[in-house]
Amino acid sequence: MPDKRVRLFRVFRVFRGLNSYSIDKRWLKTGLLLIIMPFAGISFMYAQSPAPADGAAREAFQQLRIYQVMVAAFIDGDSSRNFDAGYGPSHHHGDLKGVIRALPYIKSLGMNAVWLTPIFDSSGGGSDDPRLDATGYFPRNYFRIDPR
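Residue numbers (numbering that gives the first Met the number 0): 0 to 147.
What follows is the structure, encoded as structure tokens:
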């Protein structure tokens with residue numbers, strides 16, 4: 000049973016289907032970030048790194064607004080390059096052209112940086128597995144962008 004003394008003050012809430020998460024604003028003052036995801040029945044906490052001591056570096060850091068993109072599942076910018084993930088219906092038609100096309104929208108959200116999931120040439124299982132590694136975290140070649 001939750002502690003009745005704890006109240007949630009939402010900085011923002013994101014909905015995607017049945018999923019949502021929120022951040023408790025009071026934790027931001029402590030240097031910790033508490034994230035609550037009721038759809039999964041979990042909450043977890045991140046410890047933030049100390050802010051840079053230099054005023055200019057600190058200001059730049061505090062102004063950073065990062066939008067994370069999972070390229071393979073983002074926006075289809077070139078349908079001629081689409082591929083099947085190899086395990087059921089595929090929604091992995093995103094590509095770098097789609098990311099580039101979305102940059103004005105991302106900027107309109109107030110973001111000033113984009114964090115891409117890895118875009119290296121990668122595979123699903125072994126090196127001969129034709130399935131997609133949708134995350135990009137299993138690279139075959141760090142010096143080649145995934146052509147799919």
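Think of the CB as a built atom: it goes at the ideal place given N, C-alpha and C, for glycine as much as any other residue. These numbers come from a predicted model, not from an experiment.
Asked                                                                                                                                                              : Found
How would you call G93, buried or exposed, if buried means at least 16 neighbouring beta carbons within 10 angstroms?                                              : buried
Classify P37 as buried or exposed, calling it buried when 16 or more other Cβ atoms lie within 10 Å of its own Cβ.                                                 : Because the pLDDT of P37 is 48, which lies under 50, any placement of that residue in the model is unreliable, and the question is left without a value.
Using the three-state DSSP reduction, which class does P157 fall into: helix, strand or coil?                                                                      : Residue 157 is absent from the structure shown; the chain starts at 0 and stops at 147.
Could you give the DSSP three-state label for R143: helix, strand or coil?                                                                                         : strand
So what does DSSP say about F119, is it helix, strand or coil?                                                                                                     : strand
With a threshold of 7 Å on Cβ separation, who are the neighbours of R64 within its own chain once the five nearest residues in sequence on each side are excluded? : G109, M110, N111, A112
Find the nearest neighbour of S79 within the set Q67, G97, Q62, judged by alpha-carbon distance.                                                                   : G97
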